[in-house]
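Position in the sequence shown (from 1) plus 9 gives the number in this note's numbering. Inspection log for the structure reproduced underneath, given as structure tokens.
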Amino acid sequence: MTEPLIISVSGMRGIIGENLTASVAVEYGGAFGTFLKESNPDSRLSVCIGTDSRPSGQMLKSAVTAGLTGAGVDVIDLGLVTTPCVGISLRQLGCAGGVVITASHNPIRYNGIKLLLSNGIAPSPEVTAKIRQIYFDKKIIFADSTDCGKVTCDDMADDRHISKLLAIIDKEKIANRKFKVALDSVNGSGGRVTKKLLAELGCEVFAVNEEPTGLFPHNPEPTAANLADFCRTVKAEGVDIGFAQDPDADRLAIVDENGSYIGEEYTLALAAKYIFSKKTGKAAANLSTSRMIDDIARNAGGSVIRTPVGEANVASAMLDNDCIIGGEGNGGVIDLRVGPIRDSLVGIALVLQLMAETGKSISELAGEIGGYYMSKEKFSANQELARRILDSAKKVFTGAKLDATDGCRFDFDDGWLHIRPSNTEPVMRVIVEAKDRVTAQKYIDAIMKIRGESTE
Ligand code: MG
Numbered sequence: 010m011t012e013p014l015i016i017s018v019s020g021m022r023g024i025i026g027e028n029l030t031a032s033v034a035v036e037y038g039g040a041f042g043t044f045l046k047e048s049n050p051d052s053r054l055s056v057c058i059g060t061d062s063r064p065s066g067q068m069l070k071s072a073v074t075a076g077l078t079g080a081g082v083d084v085i086d087l088g089l090v091t092t093p094c095v096g097i098s099l100r101q102l103g104c105a106g107g108v109v110i111t112a113s114h115n116p117i118r119y120n121g122i123k124l125l126l127s128n129g130i131a132p133s134p135e136v137t138a139k140i141r142q143i144y145f146d147k148k149i150i151f152a153d154s155t156d157c158g159k160v161t162c163d164d165m166a167d168d169r170h171i172s173k174l175l176a177i178i179d180k181e182k183i184a185n186r187k188f189k190v191a192l193d194s195v196n197g198s199g200g201r202v203t204k205k206l207l208a209e210l211g212c213e214v215f216a217v218n219e220e221p222t223g224l225f226p227h228n229p230e231p232t233a234a235n236l237a238d239f240c241r242t243v244k245a246e247g248v249d250i251g252f253a254q255d256p257d258a259d260r261l262a263i264v265d266e267n268g269s270y271i272g273e274e275y276t277l278a279l280a281a282k283y284i285f286s287k288k289t290g291k292a293a294a295n296l297s298t299s300r301m302i303d304d305i306a307r308n309a310g311g312s313v314i315r316t317p318v319g320e321a322n323v324a325s326a327m328l329d330n331d332c333i334i335g336g337e338g339n340g341g342v343i344d345l346r347v348g349p350i351r352d353s354l355v356g357i358a359l360v361l362q363l364m365a366e367t368g369k370s371i372s373e374l375a376g377e378i379g380g381y382y383m384s385k386e387k388f389s390a391n392q393e394l395a396r397r398i399l400d401s402a403k404k405v406f407t408g409a410k411l412d413a414t415d416g417c418r419f420d421f422d423d424g425w426l427h428i429r430p431s432n433t434e435p436v437m438r439v440i441v442e443a444k445d446r447v448t449a450q451k452y453i454d455a456i457m458k459i460r461g462e463s464t465e
């Protein structure tokens with residue numbers, strides 16, 4: 010069965026040659042260009058564009074570029090770069106927006122068109138709806154013959170990114186430790202720039218899957234199951250730490266010196282541990298993110314703002330509240346000094362800084378935080394079923410503190426449960442964190458009972 014083309018706050022995502030074709034991409038690029046022109050009618054506008062390493066990236070980039078220039082917007086082609094590179098470059102170059110051709114961690118048959126606005130953040134649901142409307146109504150306003158956009162190339166995106174990163178850390182302190190680091194870039198766009206950063210930090214790098222071929226050697230989501238080979242490599246090479254990126258390098262998972270997968274949840278927690286060791290303030294994280302960050306912030310006299318799931322929600326909350334760190338539990342760390350965008354290189358830089366300053370191993374540092382058991386489940390559910398399940402859950406968990414801004418998050422004394430419909434597929438996600446496995450299972454069992462009763 011053909012899957013529907015998805016247009017959400019995460020951008021457009023589909024299957025190449027089925028529902029995501031060159032003609033779709035031209036019109037989506039044209040719709041984005043039209044939206045930007047309508048929002049800034051008196052200015053000459055430019056948009057940065059970059060691709061991850063998927064073989065379909067060139068085709069989509071050419072098509073989106075045709076749509077944008079056709080709508081009268083200039084395009085700056087950054088080439089094969091990471092998603093955070095695009096977010097950083099577009100702000101430095103004063104662009105009205107950015108486009109990243111990526112389907113993030115989805116398998117190779119997928120690709121996507123991720124949009125960013127001039128602040129480097131993905132559009133809000135309201136703005137996404139406007140761009141969607143222009144696209145579906147085909148209300149693209151094409152420029153006349155003398156007004157079409159021009160295309161220029163720029164190969165400075167990696168360097169801009171690295172100089173932003175070096176400004177937030179003590180390069181010498183890290184370099185003095187001469188860390189041995191393993192890196193798995195899953196043949197995505199992260200390998201080149203990350204190796205460059207690690208070289209600047211005096212690290213000896215053992216890189217695997219560093220060629221940006223887009224031919225993923227394993228399922229590209231950086232989860233424990235998908236990184237079993239990498240964990241063995243980390244152990245065999247005797248390195249201090251292993252870093253694994255997703256194909257567009259906005260997410261980071263960490264493997265400790267013993268070859269144990271620490272987990273994506275720890276990436277943000279460890280980065281926050283470093284930041285809060287230097288200063289105090291507010292952090293932001295989505296509702297599905299571990300309580301570890303709350304413990305770290307509280308111990309430093311700070312606090313955490315919780316947001317609906319989605320990078321744009323976290324980044325906007327960070328800007329509004331002047332947060333010192335933020336991100337998502339899927340390994341996406343955001344530091345506004347670098348950019349309001351999830352960035353695996355920020356995670357790498359902050360974690361190495363933490364190791365350098367404390368002199369502790371990554372397993373010791375991870376052992377100092379946490380102590381929770383977390384479980385992430387999902388099951389198929391259409392909108393109607395999702396609504397019934399959420400209504401029932403509210404009646405069952407009456408004693409819990411409820412946040413209903415994104416599905417339902419129930420906070421109990423011994424843990425929490427977040428159940429929400431996915432933004433990108435017809436499933437419900439259930440995330441539970443508790444003091445131990447038995448308690449977590451109690452909450453999962455309760456949700457599965459509600460699901461069974463709601464399906465009848
Ligand atoms: Mg990604």
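We put the beta carbon where it would ideally sit given N, CA and C, even for glycine.
Subject >> Buried versus exposed, by CB contacts within 10 Å (16 or more), residue 441 >> reply: So residue 441 ends up on the buried side.
Subject >> Coil, strand or helix - residue 439 by DSSP >> reply: Three-state result, residue 439: strand.
Original post:
Between residue 178 and residue 107, is the Cβ-Cβ spacing less than 9 Å?
Top reply: No. Outside cutoff.
Subject >> DSSP three-state assignment for residue 270, whether helix, strand or coil >> reply: Residue 270: strand per DSSP, three-state reduction.
Subject >> Buried or exposed by the 16-neighbour rule on C-beta atoms within 10 Å, applied to residue 185 >> reply: The residue in question, residue 185, is exposed, as its Cβ has fewer than 16 Cβ neighbours within 10 Å.
Original post:
Looking at residue 78 and residue 157, is the spacing between their C-beta atoms short of 9 Å?
Top reply: The criterion of a C-beta distance shorter than 9 Å is satisfied by residue 157 and residue 78.
Original post:
Going by Cα to Cα distance, which pick from 381, 204, 295, 120 is closest to residue 68?
Top reply: Considering only alpha carbons, the answer is 120.
**OP:** Starting from residue 144, follow the alpha helix (DSSP H) in both directions and report where the run begins and ends.
**Re:** Element bounds for residue 144: 134 to 146.
Original post:
With distances taken from CA atoms, which of 207, 21, 410, 422 is nearest residue 358?
Top reply: Nearest C-alpha to residue 358: 207.
Subject >> Cut-off 6 Å between Cβ atoms - residues of its own chain near residue 462, not counting five sequence neighbours on either side >> reply: Hits under 6 Å: none found.
Original post:
How far does the alpha helix (DSSP H) with residue 94 in it reach, from first residue to last?
Top reply: Under the DSSP assignment, residue 94 falls in the alpha helix (DSSP H) whose first and last residues are 92 to 101.
Subject >> Unbroken alpha helix (DSSP H) run spanning residue 36, endpoints >> reply: 31 to 48 is the span of the alpha helix (DSSP H), which, as asked, contains residue 36.
Original post:
In angstroms, rounded to a whole number, what distance separates the CA positions of residue 135 and residue 372?
Top reply: Note on geometry: alpha-carbon atoms of residue 135 and residue 372 lie some 43 Å from one another.
Subject >> Cβ contact (3+ pairs, closer than 8 Å) linking the segment 140 to 156 and the segment 36 to 53 >> reply: A contact exists between the segment 140 to 156 and the segment 36 to 53.
Original post:
What does a CB cutoff of less than 8 Å around residue 391 pick up in its chain, not counting 5 residues either side in sequence?
Top reply: Closer than 8 Å at the Cβ level, and outside the excluded window around residue 391, lie 435.
Subject >> Local conformation of residue 399 per DSSP, three classes >> reply: Here residue 399 carries a helix assignment [DSSP, helix/strand/coil].
Subject >> Which of helix, strand or coil DSSP assigns to residue 465 >> reply: In this structure, residue 465 counts as coil in the three-state DSSP scheme.
Subject >> Residues near residue 36 in its chain [Cβ-Cβ closer than 8 Å; skip 5 each side] >> reply: Result list for residue 36: 76, 144, 147, 149, in chain order.
Original post:
Does the Cβ of residue 63 have 16 or more other Cβ atoms within 10 Å, making it buried, or fewer, making it exposed?
Top reply: Classification of residue 63: buried, given that the 10 Å Cβ count is 16 or more.
Subject >> Backbone CA spacing between residue 52 and residue 16 [nearest angstrom] >> reply: If I take the Cα positions, the gap works out to 27 Å.
Original post:
Buried or exposed: which applies to residue 89, given that a residue is buried once 16 or more other Cβ atoms fall within 10 Å of its Cβ?
Top reply: Buried is the call here.
Original post:
From the DSSP output, which residues share a beta bridge with residue 385?
Top reply: For residue 385, which the question treats as bridged, DSSP gives the partners 440.
Original post:
Quick one: any contact between the segment 307 to 314 and the segment 219 to 231, if contact means 3 or more CB pairs under 8 Å?
Top reply: Cβ pair count under 8 Å is below three, so no.
Original post:
Is DSSP giving residue 155 helix, strand or coil here?
Top reply: In the structure shown, residue 155 sits in coil (DSSP, three-state: anything other than H, G, I, E or B).
**OP:** Taking 9 Å as the cut-off, decide whether the C-beta atoms of residue 294 and residue 338 are in contact.
**Re:** Yes, the Cβ-Cβ distance between residue 294 and residue 338 is below 9 Å.
Original post:
Does the Cβ of residue 103 have 16 or more other Cβ atoms within 10 Å, making it buried, or fewer, making it exposed?
Top reply: By the 16-neighbour rule on beta-carbons within 10 angstroms, residue 103 is exposed.
**OP:** Might you give, ordered along the chain, the residues of its own chain that have their beta carbon closer than 6 Å to the beta carbon of residue 284, omitting 5 neighbours on each side?
**Re:** Around residue 284: 333, 334.
Original post:
Any chance the segment 235 to 246 sits against the segment 187 to 202, with 3 or more Cβ pairs inside 8 Å?
Top reply: Three or more Cβ pairs closer than 8 Å define a contact, and the segment 235 to 246 meets that threshold against the segment 187 to 202.
**OP:** Ignore the nearest five residues each way along the sequence and tell me which others in residue 323's own chain have a CB closer than 7 Å to its CB.
**Re:** If we look at residue 323 and ignore the five residues flanking it on each side, its Cβ neighbours are 293, 294, 295, 316, 335, 336, 337, 343.
Subject >> Any non-hydrogen atom of ligand 1 within 8 Å of residue 255 CB >> reply: With a cutoff of 8 Å, residue 255 counts as near ligand 1, since its C-beta is closer than that to a heavy atom of the ligand.
**OP:** To the nearest angstrom, report how far apart residue 196 and residue 256 are at their CA atoms.
**Re:** About 7 Å.
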